[in-house]
Amino acid sequence: MNLQENTFLVTGGASGLGDATATAIVEAGGRVVIADLATSDGETTAKRLGDAATFVPVDITDEESFTAALDAAEPHGPLRGAVHCAGRGGDRVRILDRDGNPAALQSFRDVLEVNLFGTYNALRLAAARIARNEPVDGERGAIVLTASVAAFDGQIGQTSYTASKAAVHGITLVAARDLASVGIRVNTIAPGLFDTPMLARLRSDIREGLAAGVPFPKRLGSPTDYADMALALLRNSYANGETVRLDGAIRMAPR
Ligand SMILES: NC(=O)c1ccc[n+]([C@@H]2O[C@H](COP(=O)([O-])OP(=O)(O)OC[C@H]3O[C@@H](n4cnc5c(N)ncnc54)[C@H](O)[C@@H]3O)[C@@H](O)[C@H]2O)c1
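Residue numbers (this note's numbering): 67 to 321.
Okay, here's the thing in structure tokens:
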């Protein structure tokens, strides 16, 4: 998929991994629709990126606002792909508390609602729109989803987050198979520890400790590392149905 002159939707594009991806697409000569919450910095990000970027307030769990974001892509030509970065952290709740009480089911549901149902909503609606395109070099478009290494090595207190991200990994191959007949590729990136506002909430000594645990390179991932991979997966016409760990070879310890 050629990025130049083509339009892509980036969910969560107001911050962190999504912001870096939207920026990289514009730098590569493409156009972006930044789909993020109305309360996000999406407007500021779009202004920074200039005419090639548009911000649309979207809740990824909501069909109507997501459809408005897809519509916003249309005036500039067909939507050729989507990078789905919008998501939230987990609830950090153990299955049993110290007194043996079970965790609240609603807390688990809330994480799944955004990270899994939101992903499926974005996937199905973006795919339906991209499927209308005329094929270019045999393909209609490409979609990149975002899981986490927690999909594979979830830590204590991460049942909800791990369930949501393992499910995103799980649907990747199914989505690639489902959408093969319409010429849409689907891949997922499973980031390790990335230096974004999501991680900035942690104390700096904890962040330094996390960086030291990465085998090589001994640093947190930069949002541009993610963007480079997202663009590679959009561009590479043979990449399909794969979850790529992007993590400096880290394997998370139990806690
Ligand atoms: N930062 C990391 O270390 C890391 C590691 C593994 C996975 N991830 C995943 O990467 C993705 C991006 O994370 P990030 O670090 O850039 O986080 P971030 O908090 O910087 O950005 C997330 C963006 O998603 C948006 N968002 C949240 N809920 C939304 C909703 N319902 N509708 C629309 N937008 C919504 C937020 O407004 C925000 O702009 C997330 O799915 C996260 O789980 C991040």
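Beta carbons are placed, not taken as given, at the ideal position from N, Cα and C, and that holds for glycine.
Strand pairing of residue i, partner residues [DSSP]
i      : result
Ala148 : Leu75, Ile209
Ala256 : Arg311
Pro168 : Leu162
Phe121 : Ile100
Val202 : Glu205
Ile250 : Gly207
Boundaries of the alpha helix (DSSP H) in which residue i is found, first to last residue
i      : result
Phe132 : 129–139
Val177 : 171–178
Ala112 : 108–115
Pro263 : 263–266
Val240 : 225–246
Gly82  : 82–93
Tyr186 : 184–196
Asp157 : From DSSP, Asp157 is part of no alpha helix (DSSP H); its letter is neither H nor E.
Ile272 : 270–278
Through-space distance from residue j to residue i, alpha-carbon basis
i      : j      : result
Leu268 : Gly275 : 11 Å
Glu129 : Ala90  : 27 Å
Val76  : Thr87  : 7 Å
Gly156 : Leu189 : 21 Å
Ile196 : Glu205 : 10 Å
Ala134 : Pro168 : 40 Å
Thr120 : Asp313 : 30 Å
Ala233 : Ala213 : 8 Å
Gly220 : Thr110 : 34 Å
Ala118 : Asp165 : 55 Å
Arg97  : Phe218 : 33 Å
Ala112 : Leu69  : 18 Å
Leu299 : Arg160 : 35 Å
Ser288 : Gly84  : 12 Å
Cys151 : Ala80  : 10 Å
Phe174 : Ala246 : 32 Å
Gly153 : Asn181 : 5 Å
Asp244 : Tyr186 : 13 Å
Pro144 : Val177 : 32 Å
Arg311 : Thr254 : 9 Å
Leu286 : Ala277 : 5 Å
Gly184 : Thr127 : 4 Å
Pro141 : Asp271 : 47 Å
Ala139 : Leu103 : 17 Å
Gly236 : Thr225 : 16 Å
Thr73  : Asp163 : 47 Å
Val280 : Ile250 : 34 Å
Arg321 : Pro201 : 47 Å
Leu136 : Gly116 : 19 Å
Lys231 : Ala216 : 7 Å
Glu308 : Leu297 : 14 Å
Gly258 : Met318 : 9 Å
Gly223 : Leu171 : 14 Å
Leu191 : Arg198 : 12 Å
Phe282 : Ala315 : 7 Å
Glu71  : Asp107 : 25 Å
Boundaries of the beta strand (DSSP E) in which residue i is found, first to last residue
i      : result
Thr105 : Here Thr105 belongs to no beta strand (DSSP E), and DSSP marks it neither H nor E.
Thr290 : Counting along the chain, Thr290 falls outside any beta strand (DSSP E), though it belongs to the alpha helix (DSSP H) covering 289–301.
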